[in-house]
Every structure is written in structure tokens, then in C-alpha cells.
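I have placed the structure first, in the form of C-alpha cells, so that the comments after it can refer back to it.
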Amino acid sequence: MPKSKQRKNHKQKVDARTQKVAESKKKYEKMQKEMLMSLIEQEKQRGLFNNIPQISSENSIDSQIQGPII
Numbered sequence: 008m009p010k011s012k013q014r015k016n017h018k019q020k021v022d023a024r025t026q027k028v029a030e031s032k033k034k035y036e037k038m039q040k041e042m043l044m045s046l047i048e049q050e051k052q053r054g055l056f057n058n059i060p061q062i063s064s065e066n067s068i069d070s071q072i073q074g075p076i077i
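According to the numbering used here, the residues represented by the sequence shown are 8 to 77, in order.
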């Protein structure tokens, strides 16, 4: 079955489109990451990350549980 003229270089066109979509997705993710990092930096400058409680180990969780232990 012969290929029609409309399908000429179809595979290359599809590959180019797939590559463009992947590049735009990477660009969007990079922009999103940069925006998030800038928001985090702004929050750090305001001092909102100074009073974060530290989770040390599993033993501290066990000491908070009250009741009989089986």
C-alpha cells in the first residue's frame, strides 16, 4: 500500500512535536521550581522557618503514647 503525500515525513513531524512538548514541560517545571524557591527564600527572610519543631527519632513518638503496651 503506497504512502500518500500527506504522510511524508510524518514520523519526523511527530518526533519534533513530542520534543517540543517535552521541552515546554521542562521549561514549565523549571519556572515552577524557581518560583517555589523564591517563595521559600522570602519566607526565610521573614523568619517563618525559625521555629520549626525537630523530629528526632522513633523513641520520642513512643514516649508520647499513653496506655497499656501489649
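Virtual Cβ for every residue (Gly too), placed ideally from N, Cα, C. Just so it is clear, the structure is predicted and the values come from calculations on it, not from any experiment.
Alpha carbon to alpha carbon, how far is residue j from residue i? Give it in angstroms, no decimals.
{"i": "K15", "j": "V21", "result": "11 Å"}
{"i": "K37", "j": "E30", "result": "10 Å"}
{"i": "K18", "j": "V28", "result": "15 Å"}
{"i": "N57", "j": "Q26", "result": "43 Å"}
{"i": "K40", "j": "E48", "result": "12 Å"}
{"i": "L55", "j": "K34", "result": "29 Å"}
Ordered along the chain, which non-local residues of its own chain (more than five positions away) have a Cβ less than 6 Å from that of residue i?
{"i": "L46", "result": "none"}
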